[in-house]
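Residue numbers (my numbering): 27 to 197. Built from N, CA and C at the ideal position, the CB exists for glycine as well. Note that the structure is predicted; figures quoted are calculated from it, not measured. These notes concern the structure reproduced below.
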């Protein structure tokens, strides 16, 4: 799906899937940066771990406490940080990794635009409480849903997310 989309956009980029053990995530991020990848997408169990492994966090990653996208940046000739994709990688010396979270806005945008749902006061059943599910639950609570039911394969994970919601968004 990703590679055909890149071709359709006329981009000479490749999207690669790599299996990375959680204990080696820091090495994987450093290796991708050294090879001048323009970025990474992360999934469970790496989203929470990456918060402590990237050089910078944008406001979305700070707010939700999870990273699903890492963008590599480098200084341009003026000294400003720019996405590596906008620069000639061969001329880059100083780089950094920046973590983002796109899950939170994706869930609320989809519910509003695709389903026409008004979130404030809504009753929501969320299936899944790991990775994107955790962030979705936090974002829905922040949006003021009236009731939020969490269903997860392991009840303890749903209970953990529910406890985080109660702590961050007391009623």
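* Under the three-state reduction of DSSP, which class applies to residue 143: helix, strand or coil? -> coil
* Look at the Cβ atom of residue 122, then the Cβ atom of residue 100, and state whether they are nearer than 9 Å. => yes
* Asked: Does the beta-carbon distance from residue 55 to residue 109 come in below 9 Å?
  -> no
* To do: Since I believe residue 74 is in contact with residue 91 (beta carbons under 8 Å), could you give me their beta-carbon distance rounded to a whole number of angstroms?
  => 7 Å
* How close, in whole Å, do the beta carbons of residue 151 and residue 159 come, if the pair is a contact with beta carbons under 8 Å? -> About 12 Å; that fails the 8 Å criterion.
* For residue 67, name the three-state secondary structure that DSSP assigns. => strand
* When the distance is taken between beta carbons, is residue 143 closer than 9 Å to residue 163? -> no
* N- and C-terminal bounds of the beta strand (DSSP E) containing residue 125 -> 121-126
* Close-in-space but distant-in-sequence residues of the same chain around residue 169 (CB under 7 Å, 5 per side omitted) -> 134, 145 and 146
* Across which residues does DSSP place residue 150 in a beta bridge pair? -> 174
* Contacting residues, own chain, Cβ-Cβ under 8 Å from residue 44 (five flanking each side not counted) -> 54
* Please look up how many angstroms separate the CB atoms of residue 130 and residue 165, rounded, as I've assumed it's under 8 Å. => 4 Å
* Asked: What is the DSSP secondary structure of residue 74, counted as helix, strand or coil?
  -> helix
* Asked: What residues in its chain sit with their C-beta under 6 Å from that of residue 46, if we drop five residues either side in the sequence?
  -> 54
* Asked: Expressed to the nearest angstrom, what Euclidean distance is found between the alpha-carbon atoms of residue 62 and residue 112?
  -> 12 Å
* Hey, how far is the Cα of residue 132 from the Cα of residue 114? -> 31 Å
* To do: Spell out whether any CB of chain D is found under 9 Å from the CB atom of residue 176.
  => In the displayed structure, chain D is absent; only one protein chain is listed.
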